[in-house]
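Since the structure comes first, as structure tokens, the remarks are kept for the end.
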Amino acid sequence: MGQSTQLLQLLFMQYLVIAVTANNAMDDNLGLLSLKHELQNTPTSWVGADPCDGSWELINCINSRVTSIKLLSMRLSGKLTSDIFLLSELQYLDLSYNIGITGQLPSSIGSLTKLENLNLIGCSFSGLIPDTIGNLKLLRILSLNNNSFNGPIPASIGSLSQLFWLDLANNQLEGHLPVSNATAPGLDLLLHARHFHLENNKLSGNIPPKLFNSSMSLIHLILRSNKLTGRIPRTLGLVQTLEVIRVDGNSIIGPVPSNLRNLVNVEGLYLSNNNLSGPIPNLTGMNSLNYLEMENTQLQGQVPVSLFSLPNLQSVLLKNNQLNGLLDIGTTYSAQLQLIDLQNNLISGYTIAGGYNKELILVDNPICEKLSSYCTVSQPNNGPSYSTPPNKCQPISCSSGQVSSPNCLCAYPYSGPLVFRATSISDLGHSDYYTDLEAYLMRSFQSQKLPVNSVSLSNPIKDFSEDFIIRLQIFPSGQGCFNRTEVSQVGFVFSNQSFKPPQGFGPYYFIPDHVPYDCYAETKKSLSIGVIIGAAVGGTVLLLLLLLAGVYAFRQKRRAERASEQLNPFSQWDPNGGSGGIPQLKGARCFSFEELKKYTNKFSEENSIGSGGYGKVYRGTLPTGQPIAIKRAQTESLQGGHEFKTEIELLSRVHHKNLVSLVGFCFDQGEQMLVYEYVPNGTLKDSLSGKSGIKLDWMRRLKVALGAARGLAYLHELANPPIIHRDIKSTNILLDERINAKVADFGLSIPMGDDEKDHITTQVKGTMGYLDPEYYMTQQLTEKSDVYSYGVVMLELVTARMPIERGKYIVRVVQMAMDKTKVSYNLHEILDPAIGLQTSLKGLEKFVDLAMRCVEESGANRPAMGDVVKEIENIMQIAGLNPNVESTSTSDSYEVSKGNSGHPYCNETFEFEYSVAFPTSKIEPH
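Numbering (mature numbering (1 follows the signal peptide of the UniProt record, and there is no 0)), first residue to last: -22 to -1, 1 to 904.
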């Protein structure tokens, strides 16, 4: 009887196990079905009752339970289901790089107690990070960066005792840095964490001294670009493992703690853009330090000679402080030392007994009143230049969308910006760094047996926040593109931090572009591949035999046509269908080289009025006496005939009072010239700098802002097709004799078709300081990129500062100075005195508010140009101006407002007026 009872008990237990297992598997299935229901564009292979039967793409299972979901770069959209808690054995959840995923992170995420990796990078999550995140006791990687989370950092994160990587950067998080107390945990309890990446949020309050202790394992502390105040706590010097410290871009006060010298492993120390005071401390002992940045603070006293003796020091950036006295570099300075930048301090003398011969910059110091050595600085450029060269092969021409790889194979690469958050390399112009980075990337892919043929790097740049960004293209091997699974696997290398960059590059993140091509073919199984191949080959051979003769004849005919067209790209414009026709565009004339040579006195230097990357600009005079401006391309700027023709077509479409009009062009004797109306009062930049002699008071600046906005709004909303300018800046806004603004230089402009209204994927072009950071990061161009650049111009109008001046970025300067509780937002110290500070600047606060909305990091949060026009018109009325009345001359006053405006930028008052000696019939965009 006893044996029978034991047998029954055993059978019952087995039944329970089977029943529980079946129920758990059912939960997994329900959880995935709910996920599939809430998200669009999930894999089509997600069918059937058992997600663990091997057919469900990107799902991994152990013992018939779902343990991993990796759906990176899948173009998913929708929300994360609250039923995610049903996947109770889940260890890896990675939905990174799906910008279409929105909504809140459900609190039920806290039920996934087996979760080790939670990666939601580069999505569009918003709302609060749920407190239940603290229930994930096994979590090692928490990456929620590049979303729109707001509210406080949950104190419960301090309960994640196994956490290795904490990345909450690039969100809208607010409040204090949480530390533990008697009733709640805090970040100070994360003793095993190696990374605190909390930059670019809205965190405020002091950095708590309790946040740091000697038991911590931190190597990267990145708190830059927040609203932190108070002092740098001395407890920071207790964390011996630290390698990178970034607290720049806050409002931190007080001295730099002297005990930072104990941090012997720190390679990069960034303290710039704060309100620090006191002297530079003795940092002897920081023998790993190679990058020191303490710019734009209030540091005082002499620079200690011991600083330059740190053995690995490469760059010392100390400009815009109050450092004084004698600069002594000493005789034992580091052999690695490449740059010492002390611009705009109070240095009165220097001694270089040891023969230091690398870069030293002392511009804007008292010593430069007596000496010229080290008192000049090279012209700023757009940063280092590098592009991966081809590997001993000739690059080939690829079909639309495809790119030639370094191995000269056409493919659709997996691309995006690779962002390094704390690069300690001083000479980023050296190609060896990039070839090392390429080799490390390839080794990482090969070690995981991923189908990567090659990688390509291009467009390296250091942005205003000192992040180092480089475009990365990853090419598939043996095929034209990666499939879904391969894309997810390659993306996971970055989201999971499996890739380890070379020494000096520092921590990173990757935000791949939206994949514009349908390259995610599902794998299909076939019963008889041989039969299909045989039928396909047979049919193809028959078809080829029938078509060969016709194709050959057609190609011979087209070859002759193309040869003729290449000799004269304007032949297709000939209304009579001849081969030699030159276009006579409506409103634009074709000039011969000899004509323009005559009008400019043989292109004499006396007639030269400017120059740029395109070439020189000359003033000329038509026989009628009408002045013109001729833009003559230099040899290296010459376009192909078709590209030049396309630009002329574009310019001939845009006709508006606030756009510089095209008079004509020249395509003759190997020359390419564009002939514009002459705008006599030069560029807005010249007026703001005082170079032109024109005084711009507040009223005139409002008129200039309105005119430029109207011109841009016309391009975006009324031109057909709409046009994105791509290079709005103060040098591309000209002022006529009545101080009316005219937007100029459409050399980088791009027309938008109806199917491109959301974005255009394009190589990044533009001018540093004005360049939309979202456009640079994603290569997705929209009209909101022009809005960003225009917002920078608005800030120039009120400050007369360059976008990047003395190492300070104008957007950041205004953000830091603004106090909306005070008169004129407390901006008096940075306003241009010529604006008329002694008078009431009516509407200034609304103008600055509008400018700051235009320079929002997310294009979705920026206004459209049509709305900008309306708001500036309202501001002008507040200031007592009529936005639809213009002054009659440079010296005239503005009329007082008499009525409401009509259409914001295209009414009868502002119809396009010709100022050239050609027919003046109305020309519409076509």
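Cβ atoms here follow ideal geometry from the backbone N, Cα and C, with glycine treated the same way.
Q: Whole angstroms is fine: what's the gap from residue 289's alpha carbon to residue 626's?
A: As a first step, residue 289 is located in the sequence shown; it is residue number 311 there, counting from the start. As a first step, residue 626 is located in the sequence shown; it is residue number 648 there, counting from the start. Rounded to whole angstroms, residue 289 to residue 626 spans 58 Å at the Cα level.
Q) Just the Cα atoms here: how many angstroms apart are residue 167 and residue 343? A) For the purposes of this step, residue 167 is taken as the residue at position 189 of the sequence shown. For the purposes of this step, residue 343 is taken as the residue at position 365 of the sequence shown. Cα-Cα distance, rounded: 46 Å.
Q. Less than 9 Å separating the beta-carbons of residue 403 and residue 269?
A. If you number the sequence shown from 1, residue 403 lands on position 425. If you number the sequence shown from 1, residue 269 lands on position 291. Contact: yes.
Q: Along the beta strand (DSSP E) that carries residue 143, what are the first and last residues, could you check?
A: Start at 1 with the first residue of the sequence shown, and residue 143 comes out as number 165. Taken as a continuous stretch (DSSP letters only), the beta strand (DSSP E) holding residue 143 covers 143 to 145.
**Q.** Contact set for residue 807: own chain, Cβ-Cβ below 8 Å, skip 5 residues either direction
**A.** As a working note, residue 807 is residue 829 in the sequence shown. Only 795 meet the Cβ criterion.
(Q) Does residue 187 come out as helix, strand or coil in the three-state DSSP assignment? (A) Mapped onto the sequence shown, residue 187 falls at position 209. If DSSP states are grouped into helix, strand and coil, residue 187 belongs with the helices.
Q) What separation, rounded to the nearest whole angstrom, lies between the Cα atoms of residue 19 and residue 36? A) For the purposes of this step, residue 19 is taken as residue 41 along the sequence shown, with counting starting at 1. For the purposes of this step, residue 36 is taken as residue 58 along the sequence shown, with counting starting at 1. Near 13 Å, if we compare the C-alpha coordinates of residue 36 and residue 19.
Q.
By the three-class DSSP mapping on this structure, what secondary structure does residue 504 have?
A. Within the sequence shown, residue 504 is the residue found at index 526, counting from 1. Bear in mind that the predicted position of residue 504 carries a pLDDT of just 36, short of 50, making it unreliable; the figure below should be weighed with that in mind. Coil, per DSSP.
**Q.** Range of the contiguous beta strand (DSSP E) that encloses residue 575
**A.** Stepping through the sequence shown from its first residue, residue 575 is reached at position 597. Careful: residue 575 lies outside any beta strand (DSSP E), inside the alpha helix (DSSP H) at 571 to 577.
Q | Spatial distance of residue 707 from residue 113 (CA atoms) | A | Here residue 707 is taken as the residue at index 729 of the sequence shown, counted from 1. Here residue 113 is taken as the residue at index 135 of the sequence shown, counted from 1. Their backbone Cα atoms lie some 51 Å apart in a straight line.
Q. Comparing alpha-carbon positions, which option in 410, 860, 587, 297 lies nearest residue 277?
A. Looking up residue 277 in the sequence shown gives position 299. Selected option, being the one with the closest Cα: 297.
Q: Evaluate contact between the region 191 to 209 and the region 157 to 175, counting only Cβ atoms and requiring at least three cross-stretch pairs below 8 Å.
A: Contact holds: three or more Cβ-Cβ distances are below 8 Å.
Q) From residue 241 to residue 790, what distance separates their C-alpha atoms? A) The residue given as residue 241 occupies position 263 in the sequence shown. The residue given as residue 790 occupies position 812 in the sequence shown. Spanning the alpha carbons of residue 241 and residue 790 requires a straight line of approximately 30 Å.
Q: If I'm right that residue 164 touches residue 133 with Cβ under 8 Å, what's the distance once you round it to whole angstroms?
A: Stepping through the sequence shown from its first residue, residue 164 is reached at position 186. Stepping through the sequence shown from its first residue, residue 133 is reached at position 155. Between residue 164 and residue 133 a beta carbon distance of about 6 Å is seen, short of the 8 Å cut, so the two are scored as contacting.
Q) DSSP on residue 21, reduced to helix/strand/coil? A) Numbered from its first residue, the sequence shown carries residue 21 at position 43. DSSP places residue 21 in coil when its eight states are reduced to three.
Q: Can you give me the start and stop residues for the alpha helix (DSSP H) that residue 646 sits inside?
A: The residue labelled residue 646 in the question sits at position 668 within the sequence shown. No alpha helix (DSSP H) contains residue 646, which is instead part of the beta strand (DSSP E) from 640 to 646.
Q. In its own chain, which residues sit with a C-beta less than 8 Å from the C-beta of residue 831, not counting the 5 before and 5 after it?
A. Within the sequence shown, the letter at position 853 stands for residue 831. The residues are 769, 839, 840, 841.
Q: State the DSSP-derived secondary structure class of residue 15, mapped to helix, strand or coil.
A: As a position in the sequence shown, residue 15 is number 37, starting the count at 1. Reduced to three states, the DSSP call for residue 15 is helix.
Q: For residue 292, I'd like the list of residues in its chain whose CB is within less than 6 Å of its CB, leaving aside the five on either flank, ordered along the chain.
A: Stepping through the sequence shown from its first residue, residue 292 is reached at position 314. For residue 292, where only same-chain residues beyond five positions count, the Cβ hits under 6 Å are 268, 314, 316, 404.
Q. What number of angstroms, rounded off, separates the C-alpha of residue 339 from the C-alpha of residue 353?
A. Here residue 339 corresponds to residue number 361 of the sequence shown, with the count starting at 1. Here residue 353 corresponds to residue number 375 of the sequence shown, with the count starting at 1. Looking at the two C-alpha atoms, the distance is approximately 6 Å.
Q | Inside the region 786 to 811 only - alpha helix (DSSP H) runs reaching at least 4 residues | A | 788 to 795
Q) Looking only at its own chain, which residues have a Cβ that is under 8 Å from the Cβ of residue 436, when we skip the five neighbours before and after it? A) On the sequence shown, position 458 is the one that residue 436 refers to. The answer, listed in chain order, is 364, 365, 366, 448, 449, 451.
Q.
Using a Cβ-Cβ distance cut-off of 9 Å, determine whether residue 611 contacts chain D.
A. No chain D is part of this structure, which consists of one protein chain only.
**Q.** Uninterrupted beta strand (DSSP E) stretches inside the region 356 to 405 (no shorter than 3 residues)
**A.** 392 to 398
**Q.** Per DSSP, cross-strand counterpart(s) of residue 454
**A.** Stepping through the sequence shown from its first residue, residue 454 is reached at position 476. 430.
Q: Would you check if the distance between the CB atom of residue 299 and the CB atom of residue 275 is smaller than 9 Å?
A: Here residue 299 refers to the residue found at position 321 when the sequence shown is read from its first residue. Here residue 275 refers to the residue found at position 297 when the sequence shown is read from its first residue. Yes, the Cβ-Cβ distance between residue 299 and residue 275 is below 9 Å.
**Q.** Reduced DSSP category for residue 418 - H, G, I as helix; E, B as strand; rest coil
**A.** Indexing the sequence shown from 1 puts residue 418 at position 440. Helix, per DSSP.
Q. With DSSP run on the structure shown, which of helix, strand or coil describes residue 684?
A. For the purposes of this step, residue 684 is taken as residue 706 along the sequence shown, with counting starting at 1. Here residue 684 sits in helix by DSSP.
(Q) Helix, strand or coil, according to DSSP, for residue 182 in the structure here? (A) Within the sequence shown, numbered from 1, the residue matching residue 182 stands at position 204. Correct three-state label for residue 182: strand.
Q) Under three-state DSSP, which class holds residue 755? A) Here residue 755 refers to the residue found at position 777 when the sequence shown is read from its first residue. In this structure, residue 755 counts as helix in the three-state DSSP scheme.
Q. So residue 472 is in the alpha helix (DSSP H); what residue range does that whole segment cover?
A. Start at 1 with the first residue of the sequence shown, and residue 472 comes out as number 494. Start and end: 462 to 473.
(Q) Please state the DSSP three-state secondary structure of residue 567. (A) For the purposes of this step, residue 567 is taken as residue 589 along the sequence shown, with counting starting at 1. Strand, per DSSP.
Q. By the 10 Å Cβ neighbour count, where 16 or more other Cβ atoms means buried, how is residue 658 classified, buried or exposed?
A. By 1-based counting over the sequence shown, the position of residue 658 is 680. By the 10 Å Cβ count, residue 658 comes out exposed.
Q) What residues are listed by DSSP as bridge partners for residue 331? A) Numbered from 1 along the sequence shown, position 353 holds the residue referred to as residue 331. Answer is none; residue 331 lacks a bridge partner.
**Q.** Rounded C-alpha distance that separates residue 157 from residue 415
**A.** Numbered from its first residue, the sequence shown carries residue 157 at position 179. Numbered from its first residue, the sequence shown carries residue 415 at position 437. Approximately 38 Å between the Cα atoms of the pair.
Q: In angstroms with no decimal places, state the Cα-to-Cα distance between residue 729 and residue 780.
A: Here residue 729 is taken as the residue at index 751 of the sequence shown, counted from 1. Here residue 780 is taken as the residue at index 802 of the sequence shown, counted from 1. Taking the straight line joining both Cα atoms gives about 29 Å.
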